Structures are given as C-alpha cells and as structure tokens.
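In what follows, a single structure is set out as structure tokens and then discussed.
Numbering (full-length UniProt numbering), first residue to last: 1 to 96.
Quick look at the structure:
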C-alpha cells in the first residue's frame, strides 16, 4: 500500500483567536484528550516508516502546546516537517 505524501496533524484545537470561520473549529483552551508527546512520537515513527514525506503540524494553534518544539524537533529528524501556527504567539525567540 502506498503512503500519503503529506500528513497534516491537528495538534490541538486550542487557539487564542478561536475565529468563527476557522476550519479547525478552534477553541480557546486545549482539550484533555489530545495526544500526549509520547503518543505523537509513536505516530511520527509510524508515519516515517510508512514512507510519508511531509508532516505538517497544524491546529488551532500548534504553539499552544508546551511540547511543540520538542515534537517538531523529533519529527524533523525523521520526516520533512512544517508548523502552521496562527501567528498570535510568535515572538523573536520562536521565529528563530
């Protein structure tokens, strides 16, 4: 079976904006049933071994997760990785 070229993972529904028109139907706060960091690492391993080429971390706003940079670093060692944040939480240290 062929793997998809790209996988977009909705890391959280949380977003500071929670716009009514949001595709993700974002809400202000994170949900308790979101995947743990360990579950995400396992997902990334599975995607990598199946041949996925691009892993996009989306949301809500992925930057609402305290562990998002650790997740992105883990993923980027296995798959080409991109983060698609809302932009509301980007500060100079985040942009670097």
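Using N, Cα and C, we set each Cβ at its ideal position, and we do this for glycine too.
Remember, predicted model here, so these are calculated numbers, not experimental data.
Pairwise C-alpha distance: residue j and residue i
| i | j | result |
| --- | --- | --- |
| residue 73 | residue 29 | 24 Å |
| residue 40 | residue 11 | 9 Å |
| residue 55 | residue 91 | 23 Å |
| residue 46 | residue 1 | 14 Å |
| residue 67 | residue 82 | 15 Å |
| residue 84 | residue 23 | 13 Å |
| residue 49 | residue 20 | 37 Å |
Reference residue i, options the options, closest by Cα
| i | options | result |
| --- | --- | --- |
| residue 64 | 19, 8, 31, 39 | 31 |
| residue 76 | 23, 87, 86, 57 | 57 |
| residue 70 | 20, 33, 24, 38 | 38 |
DSSP-derived helix/strand/coil call for residue i
| i | result |
| --- | --- |
| residue 55 | strand |
| residue 18 | coil |
| residue 24 | coil |
| residue 44 | helix |
| residue 83 | strand |
| residue 39 | helix |
| residue 73 | helix |
Cβ neighbours of residue i in the same chain (closer than 8 Å, five flanking residues each side left out)
| i | result |
| --- | --- |
| residue 43 | 9, 35 |
| residue 52 | 3, 4, 5, 6, 7, 79 |
Cβ shell of residue i (< 6 Å), same chain only, five flanking positions each side left out
| i | result |
| --- | --- |
| residue 26 | 13, 15, 18, 60 |
| residue 62 | 11, 68, 83, 85 |
Residues near residue i in its chain [Cβ-Cβ closer than 7 Å; skip 5 each side]
| i | result |
| --- | --- |
| residue 88 | 16, 17, 61 |
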